[in-house]
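Working notes, beginning with the structure itself.
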Amino acid sequence: MTDTTTAATRDYDAVVIGAGFSGLALLHHLREIGLNTLVVDGEDGIGGTWWVNRYPGVRTDSEFSYYSFSFSKEVREEWTWTQRYPAGPEVLDYLNFVADRLDLRKDIRLNARVDSAAYDEETNLWTVSFADGSTLTTKYLVSGMGVLSQAIYPDIPGIDSFRGEKYHTAHWPRTGVDLTGKKVGLIGLGASGIQIVPVIAPEVDEFFVFQRTPNFIVETNNDAVSTEEMQYVRENYDAIYAKAAAHPFGVAMEPAEFSALEVSPEKRREIFESKWNEGGFHFANECFNDLATDHEASELASEFIRSKIREIVKDPETAALLSPTSYSFNGKRVPTGHGYYNTFNLPHVHLIDTEAVPITSISERGIVVGDTEYELDVIIFATGFDAMTGTLTNIDIRGRGGRTLREKWQEDGLKSNLGINANGFPNFFMSLGPQTPYSNLVVPIQLGAQWLQRALAWAEANGVERFEATPESEEWWAAEAERTGKATVMYSEGKKAKAWFLGENVPGKAEEFQVYMGGGQVYQAHCKELEESGYASLLWS
Ligand code: N01
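Residue numbers (the working numbering): 15 to 555.
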């Protein structure tokens, strides 16, 4: 493949940073159009998020049938899932299987941590620099670095003074941690904290769970996948995948057709009850069509879940503390639970309310709340990530004029064209960039890799040397992200819940919608329009 605008030689046509779901899908699809592609990853194994996150209880919140690629006949037919919500090690096995079956490994370079990448206007090439001092050049640079990869610790005074063991869920030692007989404290009750709590509780001697904001958890059962069920999924993969792709949140479920406000209280309770029994995202997605968009409807679901918490948790005071009141259902990302609420019936598990009395400091011996010091052997931080932009701004990605993405977003606000690319950064693309859908991520990852495949094939065939978002497209998309985000219950003036999808969990980060809330299917329609326009808003120069 030769360029028409530059005779410069290059090491690769495309370099993808990150060997997780995104990197594997991109490598497969870019190879298919003849691009000499390399995937690089700083870790020593493939799997991305699933390689790094090793905490006990880590598993998918989405069901196996739509938490997988649909594009490879071989993978579909030969891979067997064993759990409805596959555990982390099983997802990692799956990704390794994908890498082997599609012969991807030979074009993946591990232990290759990218320090920076810079665009050269003269040659129209990107130079990628690695931590070991080596460099390589590429025409196309693609980020597959993940949206929840840049772990953050809380800004609590004395955090470094603790003399015991300290772990972040996202940096859990691969060899595991023996918590038997130890006094353990945990800060952070998002999806990670909610998964780890019930799994480690039986092992530890005393467990202090420090809760600032309670979550609405949709409990579920993790059944084994039967041979018949796996066979059914294999035979219907395309239909299942199409259903997930047509759903606002990328789950293979029928969107509910009516409002929670349209039915009688008895009927509503019956529907809530039946979907609660199906578990997990069935409750969130299949009860009513306005639980994410109407505050009154969302409050009805909130009250139903509060009633479930009161049923499950025996101590009324603990049940009340576990029940969110400062925001309503869907106001934060809803985690799937595996016996979470029941854990608080164990006599050695103590819920400490740090909303009423905040954590003051971390001492040599433990966590201090007001005047009380909780002495601990281990502190676990399940305190989340600098989501969506963190990995992209943590390294220097320098576009035209040497300006970094970090500078662009700090100075101009979060701007991208459909989260795919940004003005000032020619031939740089993002899988799951900021302002891509809030969704089961495997769906936008796969569809995004296929979209980029078609776009680059078109560019190569038509002698288009540079794709770069127009400033107008970025203004439009930022406004769309804000408009659609503000139309959901995730946005509410004066609410107390801090959420990563608004950037509120990172001190100093501007409050902007980091994700697109208008629905995955609407987002895909916009991507299709862009393609059908001959990539009009990507041809800026
Ligand atoms: O992080 P989070 P996460 N003092 O940001 C608390 C995905 N995921 O790692 O709410 C006290 O949600 C903070 O409290 P508050 C999923 O998309 C997926 O759990 O700010 N507490 C909150 O409770 C998810 O949404 C899966 O009051 C402090 C917690 O830390 C995303 O990753 C599994 C504090 C952070 O929650 C992130 O989830 C796991 C402080 N100073 C994760 N600072 C699967 O589906 C922070 N907190 C497999």
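By construction, the Cβ of each residue, glycine as well, lies at the ideal position given by its N, Cα and C atoms.
Exercise. Specify the secondary structure class of residue 234 as computed by DSSP and reduced to three states.
Key: Here residue 234 corresponds to residue number 220 of the sequence shown, with the count starting at 1. Residue 234: coil per DSSP, three-state reduction.
Quiz item: CB of residue 241 to nearest heavy atom of the ligand N01: below 6 Å?
Solution: The count along the sequence shown starts at 1 and reaches residue 241 at position 227. Here the distance from the Cβ of residue 241 to the nearest heavy atom of the ligand N01 is not below 6 Å.
Quiz item: Roughly how many angstroms separate the alpha carbons of residue 217 and residue 343, rounded to a whole number?
Solution: Residue 217 sits at position 203 when you count from the first residue of the sequence shown. Residue 343 sits at position 329 when you count from the first residue of the sequence shown. Between residue 217 and residue 343, the C-alpha separation is close to 31 Å.
Quiz prompt | Per-residue burial, residue 502 [other beta carbons within 10 Å of its own, 16 or more giving buried] | solution = Taking the sequence shown and counting its residues from 1, one reaches residue 502 at position 488. Classification of residue 502: buried, given that the 10 Å Cβ count is 16 or more.
Quiz item: Can residue 205 be considered in contact with the ligand N01, in the sense that its beta carbon sits closer than 6 Å to one or more heavy atoms?
Solution: What you label residue 205 is simply residue 191 of the sequence shown in a count that begins at 1. A heavy atom of the ligand N01 is found nearer than 6 Å to the CB of residue 205.
Practice problem: State yes or no: is the C-beta of residue 53 within less than 7 Å of the C-beta of residue 142? | Solution: Here residue 53 corresponds to residue number 39 of the sequence shown, with the count starting at 1. Here residue 142 corresponds to residue number 128 of the sequence shown, with the count starting at 1. With respect to the 7 Å criterion, residue 53 and residue 142 are not classified as neighbours on the basis of their beta carbons.
Practice problem: Output yes or no for whether 7 Å exceeds the beta carbon distance between residue 186 and residue 68. | Solution: Numbered from 1 along the sequence shown, position 172 holds the residue referred to as residue 186. Numbered from 1 along the sequence shown, position 54 holds the residue referred to as residue 68. Yes, these two residues count as a Cβ contact at 7 Å.
Quiz item: Is the beta carbon of residue 523 within less than 6 Å of some heavy atom of the ligand N01?
Solution: As a first step, residue 523 is located in the sequence shown; it is residue number 509 there, counting from the start. Result no, Cβ not under 6 Å from the ligand N01.
Practice problem: Establish whether the CB of residue 379 and some CB of chain C are separated by less than 7 Å. | Solution: No chain C appears in the structure shown, which is made up of a single protein chain.
Quiz item: With distances taken from CA atoms, which of 92, 401 and 420 is nearest residue 450?
Solution: Taking the first residue of the sequence shown as 1, we reach residue 450 at position 436. From the listed residues 92, 401 and 420, the smallest Cα separation to residue 450 is found for 401.
Exercise. Please state if the CB of residue 439 and the CB of residue 201 are separated by a distance shorter than 7 Å.
Key: Here residue 201 refers to the residue found at position 187 of the sequence shown. Here residue 439 refers to the residue found at position 425 of the sequence shown. Cβ atoms of residue 201 and residue 439: not closer than 7 Å.
Self-check item: CA nearest to the CA of residue 446, picked from 362, 40 and 414
Solution: Against the sequence shown, residue 446 aligns to sequence position 432. If we check each option's Cα against that of residue 446, 40 comes out closest.
Practice problem: Might you give, ordered along the chain, the residues of its own chain that have their beta carbon closer than 7 Å to the beta carbon of residue 360, omitting 5 neighbours on each side? | Solution: Taking the sequence shown and counting its residues from 1, the one referred to as residue 360 is at position 346. Within the same chain, residue 360 has close Cβ partners 215.
Quiz item: Do residue 55 and the ligand N01 come close, with the Cβ less than 6 Å from some heavy atom?
Solution: Within the sequence shown, numbered from 1, the residue matching residue 55 stands at position 41. Checking every heavy atom of the ligand N01 against the Cβ of residue 55, none is found closer than 6 Å.
Self-check item: Nearest-angstrom beta carbon gap, residue 184 and residue 165 [assumed within contact, 8 Å]
Solution: By 1-based counting over the sequence shown, the position of residue 165 is 151. By 1-based counting over the sequence shown, the position of residue 184 is 170. Indeed they touch by this definition, with Cβ atoms about 4 Å apart.
Practice problem: Compute every distance between the C-beta of residue 236 and the non-hydrogen atoms of the ligand N01, then say whether any falls below 6 Å. | Solution: Indexing the sequence shown from 1 puts residue 236 at position 222. Not under cutoff, so the answer is no.
Quiz item: What separation, rounded to the nearest whole angstrom, lies between the Cα atoms of residue 223 and residue 391?
Solution: Within the sequence shown, the letter at position 209 stands for residue 223. Within the sequence shown, the letter at position 377 stands for residue 391. Looking at the two C-alpha atoms, the distance is approximately 14 Å.
Self-check item: Member of 326, 85, 350 and 133 whose CA lies at the smallest distance from the CA of residue 413
Solution: Walking along the sequence shown from the start, residue 413 turns up at place 399. For residue 413, the nearest C-alpha among the options comes from 133.
Quiz item: Looking only at DSSP bridge pairs, what is residue 464 linked to?
Solution: Locating residue 464 in the sequence shown gives position 450, where the first residue counts as 1. Paired residues: none, contrary to the question.
Quiz item: With distances taken between CB atoms, is the gap from residue 191 to residue 221 smaller than 7 Å?
Solution: Residue mapping note: residue 191 aligns to position 177 of the sequence shown, counting from 1. Residue mapping note: residue 221 aligns to position 207 of the sequence shown, counting from 1. Not closer than 7 Å, so no.
Quiz item: Any idea if residue 58 is buried or exposed, counting beta-carbon neighbours within 10 angstroms, 16 or more meaning buried?
Solution: As a position in the sequence shown, residue 58 is number 44, starting the count at 1. Per the 10 Å Cβ criterion, exposed.
Quiz item: How many angstroms separate the CA atom of residue 513 from the CA atom of residue 397?
Solution: For this step, residue 513 is matched to residue 499 along the sequence shown. For this step, residue 397 is matched to residue 383 along the sequence shown. Between residue 513 and residue 397, the C-alpha separation is close to 11 Å.
Practice problem: Output the distance between the C-alpha atoms of residue 388 and residue 281, rounded to the nearest integer angstrom. | Solution: Translated into positions along the sequence shown, residue 388 becomes position 374. Translated into positions along the sequence shown, residue 281 becomes position 267. Roughly 46 Å between the two C-alpha positions.
Quiz item: Would the C-beta of residue 514 count as close to the ligand N01, meaning under 6 Å from any of its heavy atoms?
Solution: Residue 514 sits at position 500 when you count from the first residue of the sequence shown. Taken from the Cβ of residue 514, at least one heavy atom of the ligand N01 lies inside 6 Å.
Quiz item: Under the DSSP definition of a beta bridge, which residues are partnered with residue 451?
Solution: Walking along the sequence shown from the start, residue 451 turns up at place 437. Paired residue(s): 530.
Exercise. Indicate whether residue 490 and residue 432 have their beta-carbon atoms separated by less than 7 Å.
Key: For the purposes of this step, residue 490 is taken as residue 476 along the sequence shown, with counting starting at 1. For the purposes of this step, residue 432 is taken as residue 418 along the sequence shown, with counting starting at 1. No, these two residues do not count as a Cβ contact at 7 Å.
Self-check item: Among 195, 181 and 196, nearest to residue 189 - alpha-carbon criterion
Solution: Indexing the sequence shown from 1 puts residue 189 at position 175. Minimum Cα distance to residue 189 is reached at 181.
Quiz item: Alpha carbon to alpha carbon, how far is residue 554 from residue 483?
Solution: Numbered from 1 along the sequence shown, position 540 holds the residue referred to as residue 554. Numbered from 1 along the sequence shown, position 469 holds the residue referred to as residue 483. So the two alpha carbons sit approximately 6 Å from each other.
Exercise. Report yes if the C-beta of residue 519 is less than 6 Å from at least one heavy atom of the ligand N01; otherwise report no.
Key: For the purposes of this step, residue 519 is identified with residue 505 of the sequence shown, where counting begins at 1. Result yes, Cβ under 6 Å from the ligand N01.
Self-check item: Bounding residues of the alpha helix (DSSP H) (the contiguous stretch that carries residue 140)
Solution: As a working note, residue 140 is residue 126 in the sequence shown. No alpha helix (DSSP H) contains residue 140, which is instead part of the beta strand (DSSP E) from 139-144.
Quiz item: So residue 500 is in the alpha helix (DSSP H); what residue range does that whole segment cover?
Solution: Counting from one through the sequence shown, the residue named residue 500 turns up at place 486. First-last of the alpha helix (DSSP H) with residue 500: 485-500.
Quiz item: In whole angstroms, what is the alpha-carbon distance linking residue 104 and residue 95?
Solution: By 1-based counting over the sequence shown, the position of residue 104 is 90. By 1-based counting over the sequence shown, the position of residue 95 is 81. Roughly 8 Å separates the two Cα atoms.
Quiz item: Is residue 134 near the ligand N01, going by C-beta to nearest heavy atom under 6 Å?
Solution: Taking the sequence shown and counting its residues from 1, one reaches residue 134 at position 120. Because no heavy atom of the ligand N01 lies under 6 Å away, the Cβ of residue 134 does not count as near it: no.
Quiz item: Who are the near neighbours of residue 327 in its chain, counting only those whose CB is closer than 7 Å to its CB and skipping five residues on each side?
Solution: The residue given as residue 327 occupies position 313 in the sequence shown. 333, 336, 355, 358 and 359, listed in sequence order.
Practice problem: Tell me the start and end of each unbroken alpha helix (DSSP H) in the stretch 147-199 that is at least 4 residues and wholly inside, in chain order. | Solution: Those alpha helix (DSSP H) runs which fall completely within the stretch 147-199 and span 4+ residues do not exist here.
Quiz item: Taking 6 Å as the cut-off, is the CB of residue 455 close to at least one heavy atom of the ligand N01?
Solution: Translated into the one-based positions of the sequence shown, residue 455 becomes position 441. No, Cβ of residue 455 sits at least 6 Å from all heavy atoms of the ligand N01.
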